[in-house]
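Read the structure below first, then the notes.
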Amino acid sequence: MKKTRFSYVDTRFYLVNKSFYLKNLATAYLNVGGEQGLSLENCFKDVILKQNLSRVLFSIPPVICGVGGGSGKYYKNNLKRRIKEVIRLKLARRNFPDLFTR
2 MKKTRFSYVD
12 TRFYLVNKSF
22 YLKNLATAYL
32 NVGGEQGLSL
42 ENCFKDVILK
52 QNLSRVLFSI
62 PPVICGVGGG
72 SGKYYKNNLK
82 RRIKEVIRLK
92 LARRNFPDLF
102 TR
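Going by our numbering, the sequence shown opens with residue 2, and the numbers climb by one from there.
Now the structure itself:
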């Protein structure tokens, strides 16, 4: 089995208080694009890792269903996807316990 890595942040849904956002994430968008073609998700992940932030991921994955405003992609949380999310969450929580809310 491959080792679990913290390789991405999902920004379809996130919840932060204003002071945390202003202190840690407000300027992350300035690094979007560039030579490396970074996405906002890449930039948020980089901030989390560089600043060694903790308790920044949901303990339970949110149910995301509907049409994405930017992509037009339809998101559906079917049974297969929910099972996959539960397994992924258990692996990630085991390897990165400090990243998750209690």
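The beta carbon of each residue, even a glycine, is placed where N, CA and C say it ideally should be.
Distance CB(residue i)-CB(residue j) smaller than 8 Å
{"i": "residue 102", "j": "residue 56", "result": "yes"}
{"i": "residue 25", "j": "residue 54", "result": "yes"}
{"i": "residue 42", "j": "residue 9", "result": "yes"}
For residue i, three-class secondary structure by DSSP
{"i": "residue 87", "result": "helix"}
{"i": "residue 48", "result": "helix"}
{"i": "residue 21", "result": "helix"}
Residue i versus residue j - alpha carbon distance
{"i": "residue 31", "j": "residue 80", "result": "37 Å"}
{"i": "residue 67", "j": "residue 83", "result": "15 Å"}
{"i": "residue 95", "j": "residue 73", "result": "34 Å"}
{"i": "residue 50", "j": "residue 75", "result": "30 Å"}
Paired residues, beta bridge with residue i - DSSP
{"i": "residue 39", "result": "34"}
Cut-off 6 Å between Cβ atoms - residues of its own chain near residue i, not counting five sequence neighbours on either side
{"i": "residue 13", "result": "65"}
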